[in-house]
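Going by our numbering, the sequence shown opens with residue 262, and the numbers climb by one from there.
By construction, the Cβ of each residue, glycine as well, lies at the ideal position given by its N, Cα and C atoms.
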Amino acid sequence: MARSHYITDDKETFHVNLARLKKGGSHFEIAINSEEAIAFKEGKDVSIKDIMQSEHIYFDVRKGELASEERLKTLFGTNDPLKIAEIILKEGEVQLTQEQREEARERKRKKIIALIAREAIDPKTKLPHPPERVRLAMEEAKVTINEFRTAEQQIDDVVKKLKPILPISFEKRTIEIRVPANFAGKIQSFARQQGKIVHESWLNDGSFQYTVELSGGLVDNYIEKLNNVTHGSVEVKEIK
Numbered sequence: 262m263a264r265s266h267y268i269t270d271d272k273e274t275f276h277v278n279l280a281r282l283k284k285g286g287s288h289f290e291i292a293i294n295s296e297e298a299i300a301f302k303e304g305k306d307v308s309i310k311d312i313m314q315s316e317h318i319y320f321d322v323r324k325g326e327l328a329s330e331e332r333l334k335t336l337f338g339t340n341d342p343l344k345i346a347e348i349i350l351k352e353g354e355v356q357l358t359q360e361q362r363e364e365a366r367e368r369k370r371k372k373i374i375a376l377i378a379r380e381a382i383d384p385k386t387k388l389p390h391p392p393e394r395v396r397l398a399m400e401e402a403k404v405t406i407n408e409f410r411t412a413e414q415q416i417d418d419v420v421k422k423l424k425p426i427l428p429i430s431f432e433k434r435t436i437e438i439r440v441p442a443n444f445a446g447k448i449q450s451f452a453r454q455q456g457k458i459v460h461e462s463w464l465n466d467g468s469f470q471y472t473v474e475l476s477g478g479l480v481d482n483y484i485e486k487l488n489n490v491t492h493g494s495v496e497v498k499e500i501k
């Protein structure tokens, strides 16, 4: 379980959330805003500046012990705190309080239940499962929720655990997407985290084209997110 850290001065004591990474025998820490850090770990487009409470890299946040520039340069190849913070967030551990972890898990649990109730059916009756039935089945199957992954990223694993208890069927749809060159790099993480990539290629004009398999009811939401990231410049074609 993550440690809780408190900073104390003459006036007050307050909690600080951390992201922490051990590298080259040293521990490196940054003070973070928890909600933004969770969103980043989910693959959302969040500014590193918005995640960091201050643009400093520490050996020990609690003691206020800053990491030496020499050590940072040696191990990270840069002294840029934003670049180093991004590495810490990607490769290290985001440390939250137990309460924050439980709140994040509960939000995702509710969303997963809503998604299954909306998108899945009982293959025998062809009718959807009520949310309460899904919730009880998740409890019976002892489904665990990861606070750092989106509901969409976890739903396939959850359904696998539910199937021995609750008959579930999802319609699968396959879509082909072409992303202009100026957004191709930005869309890479999203493309791999939100669906099953069945084919991808780089075109001569620098654009990125890929084919993704999704649960039928998630397609509209997926395309909406793509359009938000690319300002509506993607080309989408459903493959029959």
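- Under the Cβ criterion (8 Å, minimum of three pairs), the region 427-441 counts as touching the region 367-382.
- Setting aside the 5 residues that flank it on each side, E408 is surrounded in the same chain by R362, A365, R366, each with a C-beta closer than 6 Å to its C-beta; the list follows chain order.
- In the displayed model, S295 falls within a helix according to three-state DSSP.
- Excluding sequence positions up to five before and after K284, its CB lies within less than 6 Å of the CB of L336, all in the same chain and listed in chain order.
- Here K369 is buried: its Cβ has 16 or more other Cβ atoms, across all protein chains shown, within 10 Å.
- In the DSSP annotation of this structure, the continuous segment of the beta strand (DSSP E) that includes L475 starts and ends at 469-476.
- The beta-carbon distance between R281 and Q356, rounded to whole angstroms, is 6 Å. This is short enough to meet the 8 Å contact definition.
- Contact between L327 and I345 is absent: CB atoms are separated by about 12 Å, not below the 8 Å threshold.
- With 16 or more other CB atoms across the displayed protein chains lying within 10 angstroms of its CB, G456 is buried.
- I448 sits away from T472, with the two beta carbons spaced by 8 Å or more.
- Residue pairing for Y319: DSSP places it in a beta bridge opposite E290, L327.
- Annotation for K498: the continuous beta strand (DSSP E) segment containing it runs 496-500.
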